[in-house]
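Report on one structure; see the data block that follows.
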Amino acid sequence: MIGRLNHVAIAVKDVDSAARVYRDTLGASVSDPLPQPEHGVTVVFVELPNTKIELLQPLGKGSPISAFLERSPDGGIHHVCYEVDDIRAARDRLVQDGARVLGGGEPKIGAHGKPVIFLHPKDFFGTLVELEQA
Ligand code: CO
């Protein structure tokens with residue numbers, strides 16, 4: 548059911564310094580910071596030949612990554628995102644198998660303008676999983 552790895556998201560306190568490390572130390576191609584107030588994050592996209600890394604910094608009050616950074620002040624891998632051909636069919640199959648979809652289960656428009664859902668980390672080995680319509 549799952550297809551390509553779309554991105555790995557890394558929560559950071561300071562997205563500018565994280566972007567510098569990815570650009571200058573790791574030699575990657577990085578975007579300018581993109582504020583996404585509707586998602587409570589500022590994002591830098593790191594383009595790799597086979598996938599993307601998303602560096603996420605909290606934006607505004609109640610950011611969905613604030614609690615994560617309180618637990619992991621150095622930052623860390625926040626979620627992985629896999630592509631699926633049909634997000635609703637994927638959701639229905641997962642719910643039928645007992646997986647928990649966060650936020651009520653209806654796909655929402657994610658950071659790339661495509662429908663996404665998030666799956667409970669306890670059902671997937673301690674990893675928050677995002678599924679994105681391919
Ligand atoms: Co994501």
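The sequence shown begins at 548 in the numbering used here and counts up one residue at a time. By construction, the Cβ of each residue, glycine as well, lies at the ideal position given by its N, Cα and C atoms.
For A556, the shortest C-beta to heavy atom distance toward the ligand CO is below 7 Å. Of the residues I549, K661, K560 and R551, the one whose Cα lies closest to the Cα of R618 is K560.
Taking 4 residues as the minimum length, the alpha helix (DSSP H) runs contained wholly in the stretch 589 to 669 are 613 to 618 and 634 to 643, in order along the chain. Counting of Cβ neighbours within 10 angstroms places E677 among the buried residues, the total reaching 16 or more.
By the neighbour-count criterion, in which 16 or more other beta carbons inside 10 Å mark a residue as buried, V568 falls on the exposed side. When rounded, the separation of the alpha-carbon atoms in L581 and G660 is 14 Å.
Taking 7 Å as the cut-off, the C-beta of A681 does not count as close to any heavy atom of the ligand CO.
DSSP places P582 within a strand segment (E or B) once states are collapsed to three. When the beta-carbon positions are compared, I557 and I624 come within less than 8 Å of each other. Taken through DSSP and simplified to helix, strand or coil, A681 comes out as coil.
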